[in-house]
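Reviewing the structure listed below.
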Amino acid sequence: MSGIVYLVGSGPGSLDLLTFRAREVIDSAEVILYDQLPGEEILATLPASAEKINCGKFGGSHTLKQDEIESLMIERAQQGKRVVRLKGGDPFVFGRGGEEMEVLREHNIAVEVVPGITSAIAVPECLGIPVTHRSHASQVTFLTGHEDPTKEESAIDWGWLARSPGTIVILMGVKNLGMITSSLIEHGMAAEKPVAIIEQGFRPDQRITIGSLSDITEKARANGVKPPAIIVIGGVVSLYRDGSEGAWSRSNTNQ
Ligand code: SAH
9 MSGIVYLVGS
19 GPGSLDLLTF
29 RAREVIDSAE
39 VILYDQLPGE
49 EILATLPASA
59 EKINCGKFGG
69 SHTLKQDEIE
79 SLMIERAQQG
89 KRVVRLKGGD
99 PFVFGRGGEE
109 MEVLREHNIA
119 VEVVPGITSA
129 IAVPECLGIP
139 VTHRSHASQV
149 TFLTGHEDPT
159 KEESAIDWGW
169 LARSPGTIVI
179 LMGVKNLGMI
189 TSSLIEHGMA
199 AEKPVAIIEQ
209 GFRPDQRITI
219 GSLSDITEKA
229 RANGVKPPAI
239 IVIGGVVSLY
249 RDGSEGAWSR
259 SNTNQ
């Protein structure tokens, strides 16, 4: 008897933004390997009957290494179990879901991917910042800020990015914020380009910091901005209005 692994996206952190399919596979799982990113609200609803393994991949302090996570998934699936690998947002957006799918395939283990709402779109959205807009952005680039832009062999073309006209959405960018903004300015992006940083999207301690490419690093430092946060660069940031909290404030007032 062979098991199956579900690579499940939990959405941006609010229980009501979990998909029906995610709920279904979570509730019938025998083993759940979870990260911290899904957030307390969702993690509190994992079924008592399942074996729950905290992979703790958050903020750089890895409880389990990637290869240990993969070995556990493989082992449990080979025992014939229904395994859920639960990740924040969408499993294929900077979540190593793609790599995990490949490893499972190599071991001939059945895989189902359950898409989730990515924080890259939903977190700015819930504050009234659309990633595209006819007047502001006809393209959007999603980027990991994990990479040091001063590194010579960077996989990101900063010159191209600085000239690109649309919205830039950066995940995992808090630590390198200073290097990212100065790199973009050095490569010719306007220093007054609006920037928003949203921390803890869809969670009670959600917070937004607004500035421009030239002053956002200082503002972020002054505000003590911490991950997880989404950084949005571009004209769409100007659509933000103080207090226009969209989805999150709606679910808040309903409680
Ligand atoms: N697969 C995830 C992203 C994983 S990378 C997705 O699709 O959303 C982890 C990064 O996602 C964090 O460092 C942060 O940049 C971003 N992130 C995820 N959830 C977030 C949230 N609720 N609020 C702010 N940023 C979030």
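Heads up, the final residue of the sequence shown is numbered 263 in our numbering, and it's a clean run with no missing numbers.
We put the CB at the ideal spot given by N, CA and C, even for glycine.
Keep in mind that this is a model prediction, so the values were computed, not measured.
query: Residues of its chain near glycine 21, where Cβ-Cβ distance is below 6 angstroms and the 5 sequence neighbours each way are ignored; result: Gly47, Phe210 and Arg211
query: Residue interval of the beta strand (DSSP E) (run including histidine 41); result: For the sequence presented, residue 41 should be read as leucine rather than histidine. It spans 39–42 - the beta strand (DSSP E) in which leucine 41 sits, taken as one unbroken run.
query: Range of the contiguous beta strand (DSSP E) that encloses lysine 159; result: Where lysine 159 is concerned, there is no enclosing beta strand (DSSP E), given that its DSSP letter is neither H nor E.
query: C-beta neighbour in chain C for aspartate 98, strict 9 angstroms; result: Absent here is chain C; the protein component of the structure consists of one chain.
query: Counted within 10 angstroms of its Cβ, other Cβ atoms place glycine 107 as buried (16 or more) or exposed; result: Sequence check: residue 107 is glutamate here, not glycine. Glutamate 107 is exposed by the Cβ-count criterion.
query: Contact the stretch 106–122 vs the stretch 186–199: 3+ CB pairs below 8 angstroms; result: no
query: Sequence-distant residues of its chain with Cβ nearer than 7 angstroms to valine 244 (five each side left out); result: Ile137, Pro138, Val139, His141, His144, Ala145 and Thr175
query: Residue from Phe28, Leu135, Ile82 and Ile238 with nearest C-alpha to valine 39; result: Ile82
query: Opposing strand residues paired with tyrosine 14 [DSSP bridges]; result: Val92 and Glu120
query: Isoleucine 137 - DSSP class collapsed to helix/strand/coil; result: coil
query: CA nearest to the CA of leucine 45, picked from Lys95, Lys234 and Val203; result: Lys95
query: Where asparagine 262 falls: helix, strand or coil (DSSP); result: Because asparagine 262 sits at a pLDDT of 38, beneath the cut-off of 50, its placement in the model cannot be relied upon, and the point is left open.
query: Where alanine 255 falls: helix, strand or coil (DSSP); result: With a pLDDT of only 48 at alanine 255, under the threshold of 50, the placement of this residue in the model should not be trusted; the figure read from the coordinates follows. In this structure, alanine 255 counts as helix in the three-state DSSP scheme.
query: Per-residue burial, serine 18 [other beta carbons within 10 Å of its own, 16 or more giving buried]; result: buried
query: Cα-Cα separation, isoleucine 188 to leucine 247; result: 23 angstroms
query: Distance, alanine 56 Cα to serine 172 Cα; result: 48 angstroms
query: Cβ-based burial, glycine 153 [other Cβ within 10 Å; buried from 16]; result: buried
query: Three or more C-beta pairs below 8 angstroms linking the stretch 120–136 and the stretch 160–172; result: no
query: Sequence-distant residues of the same chain with beta carbon closer than 8 angstroms to threonine 149, five excluded per side; result: Leu169, Ser172, Gly174, Thr175, Ile176 and Val177
query: Burial state of threonine 126 (16 or more Cβ within 10 Å); result: buried
query: As assigned by DSSP and simplified to three states, the class of alanine 52; result: coil
query: Glutamate 49 CB to nearest heavy atom of the ligand SAH below 8 angstroms; result: no
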